[in-house]
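For reference, the structure discussed in these notes is given below.
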Amino acid sequence: KSGGTGSPARTVKLGAQVYQVFSVCKPHDCAAERFAVLWSEKSGEMSGLYSAVDEKTAQETLTWLNVSDERSIDGKTVLFAALSGSLENHPDAFNYP
């Protein structure tokens, strides 16, 4: 089934690599399921973060997808920021030399 709520792509720089960051969520229930993708057009590398919240316990489970050691800390920070709204609110704060 297609559909979902998305946001415009954001561009971030991690070291010498430029990435596009995309995020989507479950229609009419963004808090329950969210997904963010970090993608490099140049290298074709892609990492992701899936968030699911149990509606009974309100416990959030994060599933990290294909996050290499090279992108471990900064990549995870950018992906989580995409889900939390921080990347949209402070886009210039997520470029790492």
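Heads up: the sequence shown begins at 1266 in the working numbering, then just goes up one per residue.
We put the CB at the ideal spot given by N, CA and C, even for glycine.
Note that the structure is a prediction, hence the values are computed from the model and not measured.
* Under the DSSP definition of a beta bridge, which residues are partnered with residue 1316? -> Looking at the DSSP assignment, residue 1316 forms a beta bridge with 1299, 1327.
* Asked: If we count the other Cβ atoms within 10 Å of its Cβ and call it buried at 16 or more, is residue 1294 buried or exposed?
  -> Within 10 angstroms of the beta-carbon of residue 1294 lie fewer than 16 other beta-carbons, which makes it exposed.
* Asked: Contact between the region 1326–1337 and the region 1297–1313: three or more CB pairs below 8 Å?
  -> The region 1326–1337 makes contact with the region 1297–1313: 3 or more CB pairs, one atom from each, lie closer than 8 Å.
* Beta-carbon proximity list for residue 1326, same chain, < 6 Å, skipping 5 on both sides -> A distance below 6 Å between beta-carbons, with the five flanking residues on each side excluded, links residue 1326 to the following residues of its chain, in chain order: 1317.
* Count the other CB atoms within 10 Å of the CB of residue 1280; is the residue buried (16 or more) or exposed (fewer)? -> Classification of residue 1280: exposed, given that the 10 Å Cβ count is below 16.
* **Inter-residue Cα distance where the pair is residue 1298 and residue 1346** => Rounded to the nearest whole angstrom, the CA to CA distance from residue 1298 to residue 1346 is 15 Å.
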